[in-house]
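Asker: Sequential numbering of the sequence shown, starting at 10, is according to the numbering used here. All C-beta atoms in this analysis are idealised placements derived from N, C-alpha and C, irrespective of residue type, glycine included. Computed from a prediction, not measured in an experiment: that's the story for all the values here. Handing you a structure now.
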Amino acid sequence: MRAVKRSADGVTVFEAPEPSGPGVTVHVRAASICGSDLKLLEFGPSEHIIGHEIAGVLDDGTPVAVEPKVPCRECSWCRSGNEQLCDQIVMSMLGLTCDGGMAERMVVDERCLVRLQSSTPVADSSLVEPLSVGVHGLHRAGLEAGQKVAVVGAGAIGLCAAVAALHLGCEVDVAARHETQRKAVEAIGADQDPEGRYEIVVDAAGTESSHLRSSELCAKGGTLLLLGSYFGDLVLPGLPITGNEVSVVPAFMCGTHAGRREIETAAEVLARRPEVAGALITHRFPLDEAPEAFRVAADRAAGAIKVVLEP
10 MRAVKRSADG VTVFEAPEPS GPGVTVHVRA ASICGSDLKL LEFGPSEHII
60 GHEIAGVLDD GTPVAVEPKV PCRECSWCRS GNEQLCDQIV MSMLGLTCDG
110 GMAERMVVDE RCLVRLQSST PVADSSLVEP LSVGVHGLHR AGLEAGQKVA
160 VVGAGAIGLC AAVAALHLGC EVDVAARHET QRKAVEAIGA DQDPEGRYEI
210 VVDAAGTESS HLRSSELCAK GGTLLLLGSY FGDLVLPGLP ITGNEVSVVP
260 AFMCGTHAGR REIETAAEVL ARRPEVAGAL ITHRFPLDEA PEAFRVAADR
310 AAGAIKVVLE P
């Protein structure tokens, strides 16, 4: 079975054993490259198959997306709907500490499956996982319909947050740096160039300059949502946050909100907004071309937002 893993030179396609063990078989149809996948290349080779943004079909043809964590479902975090904080997921994270989805097939816990609506193309549905990150973050920020939301950073996660906010009934302005991103903002129905003050500001860039811009856009008593993966120190501007009593809210992966898995909400968002896939997915590659796909995903000049591998 062909699969992808981290190597000394980036990523390599190799012949992996057929997946086995308890669970159900997913025949992977789409596995997209996350910014964290690119960052993890800095940590060197790994024997695990990579990829945590995954969609495919079961043996009977049922289309599914895959939630990439396996919580214990018994601890206090799991019982409260915060499965993303379960200690067990550190050792059961698909694509990181166990085999992920950049492969022809994988075996996963059945509870990780998210069944897709028949109208949703499975080839687009690796977007369900990053959309769930946006949904979870906005729930953490206490978003309510009708609020004004600004998003700083128009990469995949920022655009997913914008899509989720639009779906939840908010006005959304997005700060985008590159032309491809600006076209994507327009395609999803958001506005450009935030100005003024916003009740919720999503920092989806994770840089010192984005922290400053995001804090400047926050209304007094507003919320600054830190969305994305942070591998280094976090430096926030003090006075704009403390002087305006801005609440700083981090978010990680997704969990359960109001009794519903947030990744199921994300699948619903994708089903109701089919234009999202065309706006975010800029490149598709066969699995055998994974090294080139990663090169394109890391090259800002290539205009990539979301790059998808198709086994």
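Find out if the Cβ-Cβ distance for the pair Val123, Ala276 is shorter than 7 angstroms.
Answerer: Cβ atoms of Val123 and Ala276: closer than 7 angstroms.
Asker: Hey, which unbroken runs of the alpha helix (DSSP H) at 4 residues or more fall wholly within the segment 72-159?
Answerer: List check, alpha helix (DSSP H) in window: 85-88, 137-149.
Asker: How many Å lie between Ala326 and His292 at the Cα?
Answerer: Look at the range of the chain in this structure, 10 to 320, and you will see that residue 326 is not part of it.
Asker: Do the CB positions of Ser219 and Gly162 come within less than 7 angstroms of each other?
Answerer: Closer than 7 angstroms, so yes.
Asker: Ends of the beta strand (DSSP E) at Gly230?
Answerer: Gly230 -> beta strand (DSSP E) spans 227-236.
Asker: Using only the alpha-carbon positions, how far apart do Ser45 and Met10 sit?
Answerer: Approximately 25 angstroms between the Cα atoms of the pair.
Asker: With DSSP as the reference, label Pro203 as helix, strand or coil.
Answerer: Coil, per DSSP.
Asker: Classify Ser29 as helix, strand or coil using the three-state DSSP reduction.
Answerer: Reduced to three states, the DSSP call for Ser29 is coil.
Asker: Counting along the chain, where does the alpha helix (DSSP H) carrying His187 start and finish?
Answerer: Element bounds for His187: n/a, residue is neither H nor E.
Asker: With DSSP collapsed to three states, give me the class of Ala313.
Answerer: Ala313: coil per DSSP, three-state reduction.
Asker: What separation, rounded to the nearest whole angstrom, lies between the Cα atoms of Val37 and Val13?
Answerer: Cα-Cα distance, rounded: 13 angstroms.
Asker: Closest to Ile209 by C-alpha separation, out of Glu56, Met111, Gln156, Val305, would be which residue?
Answerer: It is Gln156 whose Cα lies nearest to the Cα of Ile209.
Asker: Quick one: what does DSSP say Phe261 is sitting in, helix, strand or coil?
Answerer: Correct three-state label for Phe261: coil.
Asker: Would you mind sorting Gly109 into buried or exposed? The rule is 16 or more other CB atoms within 10 Å of its CB.
Answerer: Classification for Gly109: buried.
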